[in-house]
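K.L.:
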Amino acid sequence: MSKEQEKPSRFFPHPRGSGKGGAQAAEVSGRGVSRMVESFMKLPGIGRKSAERLAFALLGMPREEAAGIAQAILDLKNNSRYCSVCNNITEDEVCSICHDVARDASRICVVEEPSNILILEKTGIFRGRYHALLGAISPLDGIGPEDLKIDGLMERLRAGGIKEVIIATNPTVKGETTALYLSKLIKPLEIGVTRIAYGLPVGGDIEYADENTVQRALEGRREM
Ligand SMILES: [Zn+2]
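Structure below.
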């Protein structure tokens, strides 16, 4: 056997077609790229293709820029914490929304996750305060009310001065269960409880909406 014939087997230890999904980053581009790809794939919505694109984008970046990204990740993990009042993400004891005296302290919007606060804030419509439960009731997953940040919410409500609690949990079975549980808990305090409306997605077509969504949109209709 000549040297020319030996070479391929050393660089391609696995015969062609034996692996799933073709060549992997580890064999082709080295362990550094492979490790980066595997890391990116841990993020939501990132498949192998996107992860590979991101890894190569990092490789193509100036060193300082890539280091900035690495540092931003470390800073995020080292400095972020939950607001002691509303469980929003903050770098301080209390978040900027809870600190803002210009906001309506008599209205609290209850959400499942701190990331929901960001989305609601982008609308600019709600000028009250928030409370993130850090989850939703889900008996199938063994998550009960005691696993959520409900005590903190009730404490805030009992402290007085709250006129309305807007429940903005997700329109899912878990979100609905949580909303129902909260409304039963809050009503005896004689505080108004409202639920965000369900509707059709803006720019969507009724034809493609499921029956439940159309039904909810009809129930949530308002005068024009
Ligand atoms: Zn807060």
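The opening residue of the sequence shown carries number 1050 in this note's numbering; numbering runs sequentially from there. Glycine residues also receive a C-beta, built at the ideal position from the N, C-alpha and C atoms.
1. Where does Ile1255 land, buried or exposed, given buried means 16+ other C-beta within 10 angstroms?
2. Spatial neighbours of Tyr1230 within its chain, please: CB distance less than 7 Å, with the 5 preceding and 5 following residues excluded, ordered by chain position.
3. According to DSSP, which residues form a beta bridge with Gly1282?
4. Please classify Leu1238 as buried or exposed, where buried requires at least 16 other C-beta atoms within 10 Å of its C-beta.
5. Quick one: does Ala1151 have its CB under 8 Å from some CB of chain D?
6. Quick one: give me the first and last residue of the beta strand (DSSP E) that Cys1158 is part of.
7. Report, in whole angstroms, the separation of the C-beta atoms of Ala1106 and Met1090, which I expect to be a contact under 8 Å.
8. Counting along the chain, where does the alpha helix (DSSP H) carrying Arg1178 start and finish?
9. To which residues of the same chain is Phe1061 closer than 7 Å at the C-beta, ignoring the five residues directly before and after it?
10. Are Gly1177 and Ile1157 close, meaning C-beta to C-beta below 8 Å?
11. With H, G and I counted as helix, E and B as strand and the rest as coil, what does DSSP make of Arg1270?
12. So, helix, strand or coil for Ser1088, using DSSP?
13. Note the first and the last residue of the continuous alpha helix (DSSP H) segment covering Val1222.
P.N.:
Let me lay it out:
1. Counting the other Cβ atoms within 10 Å of the Cβ of Ile1255 gives fewer than 16, which makes it exposed.
2. Ile1186, Pro1194, listed in sequence order.
3. Any question about residue 1282 goes unanswered here, given that the chain covers just 1050 to 1273.
4. Exposed is the call here.
5. Of the protein chains in this structure there is only one, and it is not chain D.
6. For Cys1158, the enclosing beta strand (DSSP E) starts and ends at 1156 to 1160.
7. About 15 Å separates the beta carbon of Ala1106 from that of Met1090, a gap too long to meet the 8 Å contact definition.
8. Careful: Arg1178 lies outside any alpha helix (DSSP H), inside the beta strand (DSSP E) at 1178 to 1181.
9. Its pLDDT being 43, under 50, Phe1061 is placed unreliably in this model, and the value from its coordinates should be taken loosely. Nothing listed; no residue qualifies.
10. In contact: Gly1177 and Ile1157 (Cβ atoms closer than 8 Å).
11. Shown here, Arg1270 sits in coil according to DSSP, grouped into three states, outside any helix or strand.
12. Of the three classes helix, strand and coil, the one that applies to Ser1088 here is helix, per DSSP.
13. Per DSSP, Val1222 belongs to the alpha helix (DSSP H) from 1222 to 1235.
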